[in-house]
Amino acid sequence: MKTTLKAAVATIGLGVALTGLAAPAAQAASAYPVTTTVDGRTVKDPDVAVGEQRIANMYPSGTAVTLACQDTGPAYGGSSIWDLTTDGLWVPDAYVKTGSTSMVAPQCTTPHAFPAKADLNGRAQKGDAADAAGSVANKYLTGASVPVVCQATASDEIWDFTSDHLWVPDAMVKTGTDGFVGGVPHCDTDGLEPGGSANPADPRADSAIAFAKARLGHTDWNNQCELFVERAFGTSARFASATAHYQWQKANGRIHTGSVAPAGAAVFFTSTTSNGHIMLALGGGVAISTGPSVYQTSTYAQRSDYLGWAYVPSSW
């Protein structure tokens with residue numbers, strides 16, 4: 050789906066200043082429960098309609114949300130504080146049990162400045178080709194700061210929307226991560242599912258993800274998804290297939306559904322064969338999968354055969 054945020058910027062605003070550059074806010078160390086079921090918004094607007102800018106029932110009552118940063122906005126529920134979660138969505142602080150009526154996380158700042166990895170054309174719509182109609186040639190030269198206001202997905206890739214009202218592919222911007230950046234809001238709700246990602250990363254996530262990223266584009270892992278994930282954790286021959294692994298996780302009550310898989314988690318699918326399929330989650334709705342070549346995806350949760358996620362065994 051290709052959409053433009055120009056209309057949204059003009060009508061409801063992005064809830065952020067479009068001048069001045071800042072580094073992303075540090076992620077708060079603590080998660081806090083919501084006191085009632087709350088919607089997630091891409092803008093600090095109590096009245097924005099459910100749809101492109103708002104996802105209904107994103108965080109069920111009692112769910113813990115991790116705060117990337119906080120900001121002020123229109124009063125809602127008796128407070129003018131809004132919380133940006135690590136899912137990139139705004140929630141009214143009045144319904145988050147932080148233990149304080151003041152801010153408990155860093156102040157959100159935007160846009161965020163990241164250097165361009167190469168000369169970049171700005172696109173009118175996310176997902177556009179570099180030479181598509183409305184593109185601005187060489188808008189951001191190599192090393193120049195790209196002022197990112199928010200992020201979104203298009204065709205299974207992350208795109209960054211800038212304060213110049215242009216889109217650029219996130220893969221060509223040096224944000225320091227291959228997933229969504231903490232402290233940067235989502236531009237729209239594409240690819241998001243209710244549930245949130247309050248679960249912590251696996252303690253071994255960094256090394257496992259490094260293994261997987263080093264093999265992006267490799268063609269020698271096709272039909273070896275379970276082995277790929279096991280090798281990422283420095284082991285092998287644990288389960289005969291992804292299906293066998295899933296059945297073990299399910300039998301032990303370890304499968305999570307309705308939430309975003311944290312970094313280092315195993316993500317399961319029925320797939321087209323009895324062996325099933327497994328991916329390694331990077332967090333933020335992104336995962337690495339085997340196939341004809343190893344690839345990265347940000348839409349795995351939208352697959353009709355998605356079964357859920359689980360932490361791999363601690364014995365690995």
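All letters in the sequence shown, in the order written, are residues 50 to 365 by our numbering. All C-beta atoms, glycine included, are put in the ideal place defined by N, C-alpha and C.
- Under the Cβ criterion (8 Å, minimum of three pairs), the segment 255-265 does not count as touching the segment 197-206.
- For the set THR319, PRO141, ALA281 and THR284, the Cα lying nearest the Cα of TYR295 is the one of THR319.
- Collapsing the DSSP output to three states places SER338 in a strand.
- The DSSP-derived three-state label of LYS262 is helix.
- DSSP places GLU275 in the helix class (H, G or I) of the three-state scheme.
- ARG287 places its beta carbon 8 Å or farther from that of PHE260.
- Rounded to whole angstroms, the gap between the alpha carbons of HIS161 and THR346 is 24 Å.
- Fully enclosed beta strand (DSSP E) runs of no fewer than 3 residues occupy 315-318 of the segment 299-328, in order along the chain.
- Shown here, THR202 sits in a strand according to DSSP, grouped into three states.
- The beta carbons of ALA350 and LEU331 sit no closer together than 8 Å.
- The continuous stretches of beta strand (DSSP E) do not include SER290, and DSSP gives it neither H nor E.
- Secondary structure of TRP358 (DSSP, three-state): strand.
- The three-state secondary structure of GLN345, taken from DSSP, is strand.
- In this structure, THR348 sits away from THR134, with a CB-CB distance that is not shorter than 8 Å.
- For PRO164, the uninterrupted beta strand (DSSP E) run begins and ends at 161-164, by DSSP.
- The C-alpha of SER129 lies about 26 Å from the C-alpha of GLU242.
- Excluding residues up to 5 positions away in sequence, THR339, GLY340 and PRO341 lie with their Cβ nearer than 7 Å to the Cβ of ASN271 in the same chain.
- Cβ-Cβ distances below 8 Å link MET107 to VAL87, ASP88, GLY89, ASP136, LEU138, VAL140, LEU241, PRO243, GLY244 and GLY245 in the same chain, with the five nearest sequence neighbours on each side left out; the list follows chain order.
- The shortest CA-to-CA distance from ASN170 to any of ALA181, PHE163 and PRO164 is the one to ALA181.
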